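Enquirer: Heads up: the sequence shown runs through residues -8 to 339, numbered per the working numbering. Positions of the beta carbon are idealized from the N, C-alpha and C atoms, including for glycine. As the structure is a computational prediction, the values presented were derived from the model and not from experiment. Once you've had a glance at the structure underneath, I'll fire off some questions.
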Amino acid sequence: EHLNLYSKVIYKKIMNWIQERKIELLISENASALPSHLEMGMAINKAVHKTGIPTITHDHDFAWERGDRYLSPHKEINDFISEVFPLRAPSSVHAVINTHAANTLKDRFGREAINVPNVMDFDQSFGFENQKNENLAEHMGFSNTDLFLFQITRIVRRKGIESAIRLIHELNDKKIKLIITGNYADDAGSAYYNELVNQIHELKVGEQVSFAYHLFHNKGLSSGNGEVRFSLSDAYARATACTYFSTYEGFGNAFVEAVLARRPIFVNNYEPVYLPDIGSKGFRTVMIENGELTDRAVQEMADIIYNPSLATEIAEYNYQLGKKYFSYDTLREKLEELIALAMATAGA
-8 EHLNLYSKVI YKKIMNWIQE RKIELLISEN ASALPSHLEM GMAINKAVHK TGIPTITHDH
52 DFAWERGDRY LSPHKEINDF ISEVFPLRAP SSVHAVINTH AANTLKDRFG REAINVPNVM
112 DFDQSFGFEN QKNENLAEHM GFSNTDLFLF QITRIVRRKG IESAIRLIHE LNDKKIKLII
172 TGNYADDAGS AYYNELVNQI HELKVGEQVS FAYHLFHNKG LSSGNGEVRF SLSDAYARAT
232 ACTYFSTYEG FGNAFVEAVL ARRPIFVNNY EPVYLPDIGS KGFRTVMIEN GELTDRAVQE
292 MADIIYNPSL ATEIAEYNYQ LGKKYFSYDT LREKLEELIA LAMATAGA
């Protein structure tokens, strides 16, 4: 009753909007893929089927990728989710963010999808040193002569931060510091965060690892009480290299950010995306498997950390590859393809 009532309200608003604004193409931004807002998904589903409007669903992730998170104890709700998500209308086409998602849509529903990678603006200035970030080391309680490995992610288990902490231990150099910029707001019960703290104590690297989320904001906004907040660009500017030992990602924005910032990357071959959608493009990284730091991998990382000219060479090479595969030019080409396909599919 509740779902039907509120979905009808949203449906009417969508229909009025389409008619009043003479909308010719609809893009559903994950609202038709992940059942986070059931009424919205129902309303879009009904409106698209009713009007036959050309529709692109940008599907970032699906319910079955989230374990039990979207599994209800009520069979009726689960059946409803299976029926509505993802949207499967005659006039709709799918854009997904990785090859695995495209293959899964094909296997489950016989639906084709165009793979549109996450992209960034490679024409912007990003990750460069400036007057604001030149004193970042001091704000973190370290010296400008230290070497910084940055983990620019949230603190959640799938980010594999324990491998980055273990790397600090294996490198065995007090001048090398690990800076973790994200917070643990999404870490249920702070369980993973506490495990990391225990690991730091056990390995005796407390003076080399910093949880610095209080210093960073995505855009570097400062608080009203005069506290300095640094941006992600500032973080990359001070990074000697970046750690990205995730075990699972839908894509890997932090990888592309590091490429954009011209910083070397140490990466785990995370499922299901890294090799099929990123690594196979030819990026030069030090890659580990299953979060395991071999002696060879640690030595390769050390070679990059201690050799600025090698680090610059690798970073510039990766930047050019990133510009080729993950820039706005790529998005423009994919959008043109999607729009043409959506219009043709709907017979518009």
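Ile170 and Phe139: beta carbons closer than 7 Å?
Expert: Result yes, Cβ atoms of Ile170 and Phe139 sit closer than 7 Å.
Enquirer: Which residue comes first and which comes last in the alpha helix (DSSP H) that contains Ile143?
Expert: Neither: Ile143 is in no alpha helix (DSSP H) and is coded neither H nor E.
Enquirer: Around the Cβ of Asn121, are there at least 16 other Cβ atoms within 10 angstroms (buried) or fewer (exposed)?
Expert: Answer is exposed; the Cβ neighbour count stays below 16.
Enquirer: Tyr261 and Thr238: beta carbons closer than 7 Å?
Expert: It is a contact, given that the beta carbons lie within the stated cut-off.
Enquirer: I'd like to know whether the C-beta atoms of Asn106 and Ala93 end up nearer to each other than 7 Å.
Expert: Yes, Cβ-Cβ distance for Asn106 and Ala93 is below 7 Å.
Enquirer: Counting beta carbon pairs with one atom in the stretch 55 to 65 and one in the stretch 12 to 24, are three or more of them shorter than 8 Å?
Expert: Segments in contact, no.
Enquirer: Going straight from the alpha carbon of Leu206 to that of Glu153, what length do you get?
Expert: Looking at the two C-alpha atoms, the distance is approximately 21 Å.
Enquirer: Is Thr144 buried or exposed, if buried means 16 or more other CB atoms sit within 10 Å of its CB?
Expert: When all chains shown are included, Thr144 counts as buried.
Enquirer: Is Ala34 closer than 7 Å to Phe141 when the C-beta atoms are compared?
Expert: No, Cβ-Cβ distance for Phe141 and Ala34 is not below 7 Å.
Enquirer: Sorted by chain position, which residues of the same chain lie with C-beta nearer than 7 Å to Tyr204's C-beta, five sequence neighbours on each side aside?
Expert: Only Thr172, Gly173 and Asn174 meet the Cβ criterion.
Enquirer: Does Lys340 come out as helix, strand or coil in the three-state DSSP assignment?
Expert: Because the chain is modelled from -8 through 339, residue 340 falls outside the range shown and cannot be assessed.
Enquirer: Please classify Leu223 as buried or exposed, where buried requires at least 16 other C-beta atoms within 10 Å of its C-beta.
Expert: Label assigned to Leu223: buried.
Enquirer: For the beta strand (DSSP E) containing His49, name the first residue and the last one.
Expert: Looking at the DSSP string, the run of the beta strand (DSSP E) that includes His49 is Thr46 to Asp50.
Enquirer: So is Val0 buried or exposed if we call it buried at 16+ other beta carbons inside 10 Å?
Expert: Exposed.
Enquirer: Using a Cβ-Cβ distance under 7 Å, would Phe236 count as near chain C?
Expert: The structure shown contains no chain C; it is built from a single protein chain.
Enquirer: Consult DSSP for Tyr261 and reduce its assignment to one of helix, strand or coil.
Expert: Looking at Tyr261 - three-state DSSP - the assignment turns out to be coil, as it is neither helix nor strand.
Enquirer: If we call anything under 7 Å between Cβ atoms a contact, is Thr48 one with Asp268?
Expert: In this structure, Asp268 does not lie closer than 7 Å to Thr48 by Cβ.
Enquirer: Quick check: Val87 and Asp50, are their CB atoms within less than 7 Å of each other?
Expert: Going by C-beta atoms, Val87 is nearer than 7 Å to Asp50.
Enquirer: Could you check where the beta strand (DSSP E) with Ile14 kicks off and where it finishes?
Expert: Here Ile14 belongs to no beta strand (DSSP E), and DSSP marks it neither H nor E.
Enquirer: Taking the alpha helix (DSSP H) that Ala331 falls in, what are its first and last residues?
Expert: Residues Tyr319 to Thr336.
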